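Novice:
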Amino acid sequence: MTFENKRAAGIKSSPSMAIAVAAKKLAAEGRDIIDLSLGEPDFEPPAHVADAACKAIRRGRVRYGVPAGMESLRQAIVGKFKTENGLDYAVDEVTVANGAKQILFDVFLATLEPGDEVIIPTPCWVSYGDIVSLNGGEPVYVSCGSDTGFKITAERLEASITPKTRWLMLNSPSNPTGAIYSADEFRELAAVLARYQQVLVISDEIYEHILLKNVPFVSFASACPGLRDRTLIVNGVSKAYAMTGWRVGYAAGPRALIAALNKMQSQSVTSVSTVAQAAALAALTGDQAFVAQAAETFAGRAKIIAERLALIEGIDFTPPDGAFYAFISVARLLGRKTATGQLIADDTAFASHLLQQFGLSSVPGAAFGAPGFIRLSIAASDRELEGACERLAAMVRSLE
Ligand code: PLP
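Numbering (this note's numbering), first residue to last: 56 to 455.
And the structure:
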């Protein structure tokens, strides 16, 4: 018996989650596994975050919240956009949801008509396309290779726009490539969008604070104020404050769009957990030293992994500018055979062999719309990263 409708059957569960589950299963069977499949900081949030949550519970702040999020939290988000991005939003131009992921879900649910197109530059985060499809839209993937730094150019954008295009999905710093758009690159895209008034922009800025080199972060809305009334900025506390499990994301955009998102929340989850909102408020308004320290830690790890990967013949790797992933081309190794004669035909076979035989869990590039690559999270200890590079090197050496 099948339970799923066509919409649900047409999408897959998050591939990175599925791989993490497979890696955990092997580890539970006693295998020595280094799991670099999931993208989450491997340390605890600042202590004042947990304290604020405990206080909220003890004070009985555990009733239903309002769909848009606590007023004090929204005020803090307004303050964040002002001080960090130089952006002016009113309190009713921001909203809070269960992670950036739910913001994306709500926005497509609220705005897409069946068949509306969403332009998604690839490599892209695994969930964008399926969230669009689940909400009746058509993901239009635009391949952006290393020739353009894995970024969409004005020409490629213009060539992808049709009368059905509703949204352009941007993500800087990018998961999985770590690419960061400059203000000029954003402005070139905005110049194209100025000619297509029906196209709206989502700028997913969840990795804003994870900067690994001296490449600065710029918010799309700061770079392109002329598109303010067509832009939704998506962000959250998951990556900046190591708060992935707290499930708090937020967005800023035109008042009417934010009201539509709030309506989706009011008829689905009601609100984000009020305890989690108290924790997010503490994160955004407390001491920010944690954020810079975390970025420094990730930058150190990116350096370690870059040094080790440079020693492995047959792979190609450009050190990322931001986020916490190593996106590695294994294209030159495809078509080779394992010691037992098994063909490594594609990146999925590569990642599977790497996990099964060498105990290193990665995500194949196909999951990001970029076959020929694997992604390793660098949100792990130096020892694990060194071990991971040794295992990858051992697998590469073993191929015939
Ligand atoms: N956007 C990107 C690019 C991500 O990589 C992730 C998580 O991996 C998210 C959004 C989801 O973030 P959240 O935990 O706020 O739902």
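Glycine included, C-beta positions come from ideal geometry on N, C-alpha and C. Predicted, not measured: the structure shown is a model, and the values here were computed from it.
Excluding sequence positions up to five away, which residues of its chain have a Cβ less than 7 Å from the Cβ of G65?
Specialist: S188.
Novice: Ordered along the chain, which non-local residues of its own chain (more than five positions away) have a Cβ less than 6 Å from that of P194?
Specialist: Excluding positions up to five away in sequence, the list reads V173, I175, G184 and V187.
Novice: Say the cut is 7 Å; is the CB of G154 nearer than that to a heavy atom of the ligand PLP?
Specialist: Yes - the ligand PLP has a heavy atom lying nearer than 7 Å to the Cβ of G154.
Novice: Is the distance from the Cβ of I158 to the Cβ of V330 below 8 Å?
Specialist: Taking 8 Å as the Cβ cut-off, I158 and V330 do not qualify as a contacting pair.
Novice: Excluding sequence positions up to five away, which residues of its chain have a Cβ less than 6 Å from the Cβ of L255?
Specialist: Cβ neighbours of L255 beyond the five flanking positions: W222 and R285.
Novice: By DSSP, does K392 sit in helix, in strand, or in coil?
Specialist: Three-state DSSP puts K392 in a strand.
Novice: Our contact map puts A349 next to P96 with C-beta atoms below 8 Å; I'd like the distance itself, whole angstroms only.
Specialist: Sure, about 6 Å apart at Cβ, within 8 Å.
Novice: Quick check: does the Cβ of W222 come within less than 7 Å of any heavy atom belonging to the ligand PLP?
Specialist: Because no heavy atom of the ligand PLP lies under 7 Å away, the Cβ of W222 does not count as near it: no.
Novice: Just to check, is the beta-carbon of I288 closer than 7 Å to a non-hydrogen atom of the ligand PLP?
Specialist: No, the ligand PLP has no heavy atom inside 7 Å of this Cβ.
Novice: Please check the pair I265 and K294, which I expect to be a contact at CB under 8 Å, by giving their CB distance rounded to whole angstroms.
Specialist: Rounded, the Cβ-Cβ distance is 6 Å, consistent with contact.
Novice: Between which residues of its own chain and H408 is the CB-CB distance below 8 Å, once the five residues before and five after are set aside?
Specialist: So the list reads T393, Q397, I399 and M450, once near-sequence residues are dropped.
Novice: Would you say L440 and I360 are within 8 Å of each other, going by their C-beta atoms?
Specialist: Yes, they are a contact pair.
Novice: Please list, in chain order, all residues of the same chain as S127 whose beta carbon is under 8 Å from its beta carbon, the five residues on each side excluded.
Specialist: Excluding sequence neighbours, S127 sits near L336.
Novice: What's the gap between the Cα of E263 and the Cα of T232?
Specialist: Their backbone Cα atoms lie some 14 Å apart in a straight line.
Novice: Which class does E368 belong to by DSSP, given the choice of helix, strand or coil?
Specialist: Coil at E368, not helix or strand.
Novice: Roughly how many whole angstroms lie between the Cα atoms of F163 and I367?
Specialist: Approximately 42 Å between the Cα atoms of the pair.
Novice: What I want to know is whether the C-beta of D87 ends up closer than 7 Å to one or more non-hydrogen atoms of the ligand PLP.
Specialist: Because no heavy atom of the ligand PLP lies under 7 Å away, the Cβ of D87 does not count as near it: no.
Novice: If I follow the unbroken alpha helix (DSSP H) through E139, where does it start and stop?
Specialist: That run of the alpha helix (DSSP H) goes E126 to N140.
Novice: At the level of alpha carbons, what is the spacing between D259 and G369?
Specialist: About 33 Å.
Novice: Return the chain-ordered list of same chain residues with a C-beta closer than 6 Å to the C-beta of F382, the five sequence neighbours on each side being excluded.
Specialist: Closer than 6 Å at Cβ, skipping near neighbours: P231, T232, F428 and R430.
Novice: Would you mind stating whether F241 and F272 have Cβ atoms separated by less than 8 Å?
Specialist: Going by C-beta atoms, F241 is not nearer than 8 Å to F272.
Novice: Look at A406 and P419 and say whether their C-beta atoms are less than 8 Å apart.
Specialist: Closer than 8 Å, so yes.
Novice: Going by Cα to Cα distance, which pick from I132, P169 and S321 is closest to V146?
Specialist: Nearest C-alpha to V146: I132.
Novice: Take every Cβ of the segment 117-124, pair it with every Cβ of the segment 139-156, and state whether three or more of those distances are shorter than 8 Å.
Specialist: Contact between the segment 117-124 and the segment 139-156 is present, because at least three Cβ pairs lie under 8 Å.
Novice: Rounding to the nearest angstrom, what Cα-Cα distance links I207 and C199 in this structure?
Specialist: For I207 and C199, the distance between alpha carbons rounds to 6 Å.
Novice: Beta carbon of D401: closer than 7 Å to some heavy atom of the ligand PLP?
Specialist: D401 Cβ: outside cutoff for every heavy atom of the ligand PLP.
Novice: Between R363 and C444, which are expected to be in contact by the criterion C-beta below 8 Å, what is the C-beta distance as a whole number of angstroms?
Specialist: The Cβ separation is near 4 Å, so the contact holds.
Novice: Relative to the C-alpha of Q343, which candidate in K79, P375, E59 and H103 has its C-alpha closest?
Specialist: For Q343, the nearest C-alpha among the options comes from H103.
Novice: Which of helix, strand or coil does DSSP assign to D143?
Specialist: D143: coil per DSSP, three-state reduction.
Novice: State yes or no: is the C-beta of S69 nearer than 7 Å to some heavy atom of the ligand PLP?
Specialist: No.
Novice: Assuming L410 contacts A77 under a Cβ cut-off of 8 Å, what Cβ separation, rounded to an integer in Å, is found between them?
Specialist: Going by Cβ atoms, the distance from L410 to A77 rounds to 7 Å, so yes, they are a contact pair.
Novice: How should S68 be labelled, buried or exposed, when 16 other C-beta atoms within 10 angstroms of its C-beta is the threshold for buried?
Specialist: Looking at its Cβ environment, which holds fewer than 16 other Cβ atoms inside 10 Å, S68 is exposed.
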